[in-house]
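Here's the structure we're looking at; comments come further down.
In our numbering, the protein residues as written are 3 to 157.
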């Protein structure tokens with residue numbers, strides 16, 4: 003696993019959560035993540051960016067990987083290293099189409115009035131812009147998403 007050699011350098015104990023793929027469980031997990039990041043001494047701006055990446059990733063799993071299959075389980079592991087946050091998300095939902103993450107796109111156009119603004123299309127652009135490493139694998143019916151965020155690159 004990426005970062006495994008660095009795990010010994012973790013600044014605080016890793017956060018390990020198992021949650022259901024429901025909106026309430028995702029929200030509760032994000033509260034725990036936010037508290038752990040604040041307790042680790044991350045700047046508020048960096049905390050917000052890390053939480054945003056994790057929220058988008060968890061919502062993608064809940065909304066897409068488990069679509070049509072009911073509620074599933076998501077495992078979240080967060081490690082705070084010197085200069086970086088590494089997150090691994092594991093689920094047993096459907097694989098990404100074609101076995102790969104969506105291609106890097108561009109943010110949707112924000113022209114026109116409020117009623118014409120797009121509801122979605124921002125998630126993968128945000129995730130890709132805020133991570134320095136993003137790896138997706140599927141093995142034995144389980145999806146594994148690894149995200150690394152370098153703290154010096156976050157607000």
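Heads up, the beta-carbon is just placed ideally off N, CA and C, and yes, glycines get one too.
Whole angstroms are fine: how far does the CA of residue j sit from the CA of residue i?
i           : j           : result
residue 14  : residue 98  : 32 Å
residue 6   : residue 136 : Because the pLDDT at residue 6 is just 45, under 50, the model does not fix this residue reliably, and the point stays unresolved.
residue 101 : residue 153 : 29 Å
residue 133 : residue 150 : 5 Å
residue 76  : residue 39  : 20 Å
residue 27  : residue 33  : 10 Å
residue 81  : residue 16  : 5 Å
residue 83  : residue 23  : 27 Å
residue 70  : residue 57  : 21 Å
residue 19  : residue 31  : 7 Å
residue 37  : residue 78  : 15 Å
residue 21  : residue 29  : 10 Å
residue 147 : residue 155 : 20 Å
residue 51  : residue 138 : 20 Å
residue 145 : residue 55  : 17 Å
residue 235 : residue 65  : The structure shown does not extend to residue 235, since the chain is modelled only from 3 to 157, so the question has no answer here.
How would you write the range of the alpha helix (DSSP H) that residue i sits in, first residue to last?
i           : result
residue 62  : 46-62
residue 41  : 25-41
residue 127 : 125-132
Going by the DSSP bridge assignment, what does residue i pair with across the sheet?
i           : result
residue 17  : 80
residue 139 : 146
residue 93  : 76, 145
residue 22  : 75
residue 86  : 83, 152
Please determine, among the options, the residue with the shortest C-alpha to C-alpha distance to residue i.
i           : options          : result
residue 45  : 79, 87, 18       : 87
residue 104 : 37, 94, 126      : 126
residue 129 : 65, 66, 139, 53  : 53
residue 142 : 156, 131, 89, 93 : 93
residue 73  : 144, 51, 25      : 25
residue 67  : 91, 41, 96, 47   : 96
residue 42  : 144, 64, 85, 60  : 85
residue 61  : 91, 47, 144      : 91
Specify, as a first and last residue, the run of the beta strand (DSSP E) that residue i falls within.
i          : result
residue 69 : Looking at the DSSP string, residue 69 is not in any beta strand (DSSP E), and its letter there is neither H nor E.
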